[in-house]
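S.K.:
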Amino acid sequence: MERTHSCLRDRHLFAPGKKRILALDGGGVRGALSIAFLERFEKILTEIEGRPVRLCEWFDLIGGTSTGAIIAAGLASGYSANEMHKFYSELAPKIFKTPIFRIPGWRASFDARRLHLELNRIFSGYTLGSEDLQTGLCIILKRLDTGSCWIIMNNPRSAFWETRADNSDNSFVGNRHFLLSNVIRASTAAPYYFDPQTIEISEGEEGLFLDGGLTPHNNPSLALFLAAVLPPYGLNWKTGLEHLSILSIGTGLYTPTVTALEARTLSALGLAVKALVAQMSENQELTLILMSWLGQASLPWPINTELGDLGKITPPFGNLFRYHRCDIKLEQKWLEENLGANLSSAEVMGLCQMDNSSNIIPLYEYGRVAAETQITHDLFRDW
Numbered sequence: 017m018e019r020t021h022s023c024l025r026d027r028h029l030f031a032p033g034k035k036r037i038l039a040l041d042g043g044g045v046r047g048a049l050s051i052a053f054l055e056r057f058e059k060i061l062t063e064i065e066g067r068p069v070r071l072c073e074w075f076d077l078i079g080g081t082s083t084g085a086i087i088a089a090g091l092a093s094g095y096s097a098n099e100m101h102k103f104y105s106e107l108a109p110k111i112f113k114t115p116i117f118r119i120p121g122w123r124a125s126f127d128a129r130r131l132h133l134e135l136n137r138i139f140s141g142y143t144l145g146s147e148d149l150q151t152g153l154c155i156i157l158k159r160l161d162t163g164s165c166w167i168i169m170n171n172p173r174s175a176f177w178e179t180r181a182d183n184s185d186n187s188f189v190g191n192r193h194f195l196l197s198n199v200i201r202a203s204t205a206a207p208y209y210f211d212p213q214t215i216e217i218s219e220g221e222e223g224l225f226l227d228g229g230l231t232p233h234n235n236p237s238l239a240l241f242l243a244a245v246l247p248p249y250g251l252n253w254k255t256g257l258e259h260l261s262i263l264s265i266g267t268g269l270y271t272p273t274v275t276a277l278e279a280r281t282l283s284a285l286g287l288a289v290k291a292l293v294a295q296m297s298e299n300q301e302l303t304l305i306l307m308s309w310l311g312q313a314s315l316p317w318p319i320n321t322e323l324g325d326l327g328k329i330t331p332p333f334g335n336l337f338r339y340h341r342c343d344i345k346l347e348q349k350w351l352e353e354n355l356g357a358n359l360s361s362a363e364v365m366g367l368c369q370m371d372n373s374s375n376i377i378p379l380y381e382y383g384r385v386a387a388e389t390q391i392t393h394d395l396f397r398d399w
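Here our numbering is used: the first residue of the sequence shown is 17, the next is one more, and so on.
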């Protein structure tokens, strides 16, 4: 990387050469699965380099949605995957604890203040513009009061980085001044689970934000790719197998379903939550289709019985990047055939819960086993 750039972040974002993106899905406590993959990736990197390697050194842009935003911010700040594992294991039981005096369905299930306190402790005083962020960071948010998706980066060349001095249009607060803990909290503000988060957008105006999983980008890999290559974002990275590689890490694939009987017995709120989760699953599938087609995938992930895994189909303009997707399927047959896990349907459905902190240990273990075959030394040959 060129020495002319003033900080590590800018060297990653703006220096010439091959670029690497790490994209982390949302999924509540199922983020423990992602951490298992990240630890494996970091371990092999350390073996190859012959020294301890942090993922912020390897990746030029790390991004996440919801729980993935927490992990992404930690990695971009220089924490190791192992340190994030420890933080995550301690954090989840604290925040996914229903207060005694809370009426279900009337207020959010969990007290977001606990999460905010922990985020403030870990990222104390950090803003999006802090040089403590050692590489590019991207976080996905949903702004409810304008109905817009925010793809927000620590990119000094982005349109809204600096506060405008002329104040001609009720000047907005530049993104660089946003507290990192507020941005992460906003990305994790899943309806029903946590209350929305406000962020000061301009003098006297606050934006109201919800979980980034309510955008099409619960799997943020497509959003990060677009942020890296579309000219308005200001990075203008080159495309092509020799120029760009994307590692996408999931939190467990599954297809939510509701029977006619269940639909009749569910409350209106319960049915709405089920429908929302189903919509998120559809968004995930669309992203997987596009990324598998646009990129050269090194690990096949069948989309459905009609499309297959798209691994042998190259778009007419050629593959735009190398693509590697790590995940597991939260399905009985897949878990048994690929991980040797003999679970009942009820146990598998239990693993799908995003708010049950007792899932952290088994999901981490399944991720650790899956990572042995999904992340090997061979992957790094072309990366």
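Cβ atoms here follow ideal geometry from the backbone N, Cα and C, with glycine treated the same way.
1) In the DSSP assignment, find the unbroken beta strand (DSSP E) run with Lys328 in it and report its ends.
2) Hey, out of Glu381, Ala279, Pro68, Gly366, whose CA is closest to Leu355's CA?
3) Could you check whether Asn136 and Leu149 sit closer than 7 angstroms to each other, using their CB atoms as the reference points?
4) Report the partner residues of Thr81 according to the DSSP bridge assignment.
5) Checking the sheet assignment: what are the DSSP bridge partners for Met307?
6) May I ask which residues mark the beginning and end of the beta strand (DSSP E) holding Gly223?
7) Output needed for Leu54: all residues of its chain with C-beta closer than 6 angstroms, excluding positions within five of it in sequence on either side, in chain order.
8) Please state whether the Cβ-Cβ distance between Trp414 and Lys35 is less than 7 angstroms.
9) Is Ser187 helix, strand or coil when you go by DSSP?
10) For Asn320, which residues does DSSP report across the bridge?
11) Is it right to say Phe333 is buried, meaning 16 or more other beta carbons lie within 10 angstroms of its own, or is it exposed?
12) Cβ of Ala239 within 7 angstroms of Cβ of Ile167?
13) Let me check one thing: in DSSP terms, what residues is Tyr339 bridge-paired to?
14) Three or more beta-carbon pairs under 8 angstroms between the stretch 40 to 55 and the stretch 258 to 267, yes or no?
15) Under 8 angstroms, with one C-beta from each stretch per pair, do the stretch 328 to 344 and the stretch 358 to 368 reach the 3-pair mark?
16) Since Lys35 is in the beta strand (DSSP E), which residue starts that stretch and which ends it?
17) From Ile78 to Phe139, what distance separates their C-alpha atoms?
18) For Glu18, does the count of other Cβ atoms within 10 angstroms reach 16, so buried, or fall short, so exposed?
19) Can you tell me whether Thr162 is buried or exposed? The criterion is at least 16 other CB atoms within 10 Å of its CB, across all chains shown.
20) What I want to know is whether the C-beta of Lys35 ends up closer than 6 angstroms to one or more non-hydrogen atoms of the ligand ZN.
21) Sort out for me which residues DSSP pairs Leu269 with in a bridge.
22) In angstroms, rounded to a whole number, what distance separates the CA positions of Tyr209 and Val289?
23) Assuming the contact rule is C-beta atoms closer than 8 angstroms, Pro232 and Asn299 should be a hit. Round their C-beta distance to whole Å, please.
24) Can you tell me whether DSSP reads Gly365 as helix, strand or coil?
25) Check for me: the beta strand (DSSP E) holding Met100 runs from which residue to which?
M.R.: In terms of the structure at hand:
1) If you number the sequence shown from 1, residue 328 lands on position 312. For Lys328, there is no enclosing beta strand (DSSP E), as DSSP gives it neither H nor E.
2) Residue 355 sits at position 339 when you count from the first residue of the sequence shown. Among Glu381, Ala279, Pro68, Gly366, the Cα nearest to that of Leu355 belongs to Glu381.
3) The residue labelled residue 149 in the question sits at position 133 within the sequence shown. The residue labelled residue 136 in the question sits at position 120 within the sequence shown. At the C-beta level, Leu149 and Asn136 stay beyond 7 angstroms of one another.
4) Mapped onto the sequence shown, residue 81 falls at position 65. Looking at the DSSP assignment, Thr81 forms a beta bridge with Ile156.
5) For the purposes of this step, residue 307 is identified with residue 291 of the sequence shown, where counting begins at 1. For Met307, no pairing in a beta bridge is given by DSSP.
6) Taking the sequence shown and counting its residues from 1, one reaches residue 223 at position 207. Start and end: 221 to 226.
7) As a position in the sequence shown, residue 54 is number 38, starting the count at 1. Here Leu54 has Ala97 as same chain residues with Cβ atoms under 6 angstroms from its own Cβ, once five neighbours each way along the sequence are excluded.
8) Any property of residue 414 remains undetermined from this structure, which presents the chain solely from 17 to 399.
9) For this step, residue 187 is matched to residue 171 along the sequence shown. For Ser187, the secondary structure class from DSSP, reduced to helix, strand or coil, is coil.
10) As a first step, residue 320 is located in the sequence shown; it is residue number 304 there, counting from the start. Beta-bridge partners assigned by DSSP to Asn320: Gly324.
11) Translated into positions along the sequence shown, residue 333 becomes position 317. The residue is exposed, with fewer than 16 neighbouring Cβ atoms inside 10 Å.
12) Here residue 239 is taken as the residue at index 223 of the sequence shown, counted from 1. Here residue 167 is taken as the residue at index 151 of the sequence shown, counted from 1. Contact flag set, yes.
13) Counted from its first residue, the sequence shown places residue 339 at position 323. Per the DSSP secondary-structure output, Tyr339 pairs in a beta bridge with Ile262, Ala313.
14) Between the stretch 40 to 55 and the stretch 258 to 267, the count of Cβ pairs shorter than 8 angstroms is three or higher; the stretches touch.
15) With the cut-off at 8 angstroms, the stretch 328 to 344 and the stretch 358 to 368 do not touch.
16) Along the sequence shown, read from residue 1 onward, the residue named residue 35 stands at position 19. Run containing Lys35: 35 to 40, per the beta strand (DSSP E) assignment.
17) For the purposes of this step, residue 78 is identified with residue 62 of the sequence shown, where counting begins at 1. For the purposes of this step, residue 139 is identified with residue 123 of the sequence shown, where counting begins at 1. When rounded, the distance between both Cα atoms is 16 angstroms.
18) Taking the sequence shown and counting its residues from 1, the one referred to as residue 18 is at position 2. Any reading at Glu18 needs caution, since the residue's pLDDT is 44, under 50, leaving its predicted position unreliable; the model's value is listed next. Exposed is the label assigned to Glu18, since fewer than 16 other Cβ atoms lie within 10 Å of its Cβ.
19) As a working note, residue 162 is residue 146 in the sequence shown. With fewer than 16 neighbouring CB atoms inside 10 Å of its own CB, Thr162 falls in the exposed class.
20) For the ligand ZN, the structure offers nothing, since it holds no ligand at all.
21) On the sequence shown, position 253 is the one that residue 269 refers to. According to DSSP, Leu269 bridges with Lys345.
22) Your numbering for residue 209 matches position 193 in the sequence shown. Your numbering for residue 289 matches position 273 in the sequence shown. C-alpha separation (whole angstroms): 10 angstroms.
23) For this step, residue 232 is matched to residue 216 along the sequence shown. For this step, residue 299 is matched to residue 283 along the sequence shown. With 8 angstroms as the limit, Pro232 and Asn299 qualify as a contact, their Cβ atoms being about 5 angstroms apart.
24) On the sequence shown, position 349 is the one that residue 365 refers to. Inspection of the sequence shows that residue 365 is occupied by Met rather than by Gly. In this structure, DSSP gives Met365 a helical state, which the three-state scheme calls helix.
25) Locating residue 100 in the sequence shown gives position 84, where the first residue counts as 1. Annotation for Met100: no beta strand (DSSP E) segment contains it, though the alpha helix (DSSP H) segment containing it runs 97 to 111.
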